[in-house]
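Okay, structure first, notes after.
In the UniProt record's numbering, the protein residues as written are 1 to 165.
Below, the structure is given as structure tokens:
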């Protein structure tokens, strides 16, 4: 049972990181820009965007892993299945990534501190959190102890009902 839970959490994290990479690239290379390219240039640009998305996903995974595993562990332990919990956790991890980039800026270089970058980080985190919830978070904690047992099937017409005297 614990192995299945760990695999579910790991798979959910991988999917969340892939979503984060794709959303990050969508902020850098908007899909409308690719759509407006000539047809012969689109496959190459899409391939480049795909590679960039995988690189961004790896970068997201490296940063988010400890925070996401802590939040996912809490979610599993407390059976948190709410999409809102995972969206807020993703938003907070995205905000943490923005703060980490801002804190490591070199004085005199262009700053990341602008609304577009902040929107990108927060949107990426939120969508990654929702992706995790879709794949793994909505089944957090396994079967609930307070869940009602499955209802017994009603007797069929072929089975006579028990008669009382």
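Backbone N, C-alpha and C fix where the C-beta goes; we use that ideal spot for every residue, glycine too.
Best match in the options for proximity to residue i [C-alpha to C-alpha]
i, options, result
"residue 124", "105, 116 and 91", "91"
"residue 133", "71, 27 and 113", "71"
"residue 32", "68, 4 and 46", "46"
"residue 135", "69, 9 and 87", "9"
"residue 4", "76, 89, 55 and 51", "76"
"residue 7", "86, 54, 69 and 103", "69"
"residue 101", "52, 74, 59 and 22", "59"
Which of helix, strand or coil DSSP assigns to residue i
i, result
"residue 60", "helix"
"residue 40", "coil"
"residue 105", "coil"
"residue 114", "coil"
"residue 45", "helix"
"residue 77", "helix"
"residue 30", "coil"
"residue 120", "helix"
"residue 22", "helix"
"residue 136", "coil"
"residue 69", "helix"
"residue 125", "helix"
"residue 50", "helix"
Checklist entry - Using 8 Å as the threshold, is the region 94-103 in touch with the region 116-131, meaning 3 or more CB pairs across them? => result Touching, yes, given that three or more Cβ pairs across the two stretches are closer than 8 Å.
Checklist entry - At a cut of 8 Å, does the region 107-115 reach the region 124-141 through at least three beta carbon pairs? => result no
Checklist entry - Any contact of the region 30-40 with the region 51-69, i.e. 3+ C-beta pairs under 8 Å? => result no
Item to check | the region 133-144 touching the region 70-81, judged by at least three CB pairs closer than 8 Å | outcome: yes
Checklist entry - Touching or not, the region 1-15 and the region 25-35, by the rule of three or more beta carbon pairs under 8 Å? => result No: the two stretches stay apart, fewer than three of their Cβ pairs being nearer than 8 Å.
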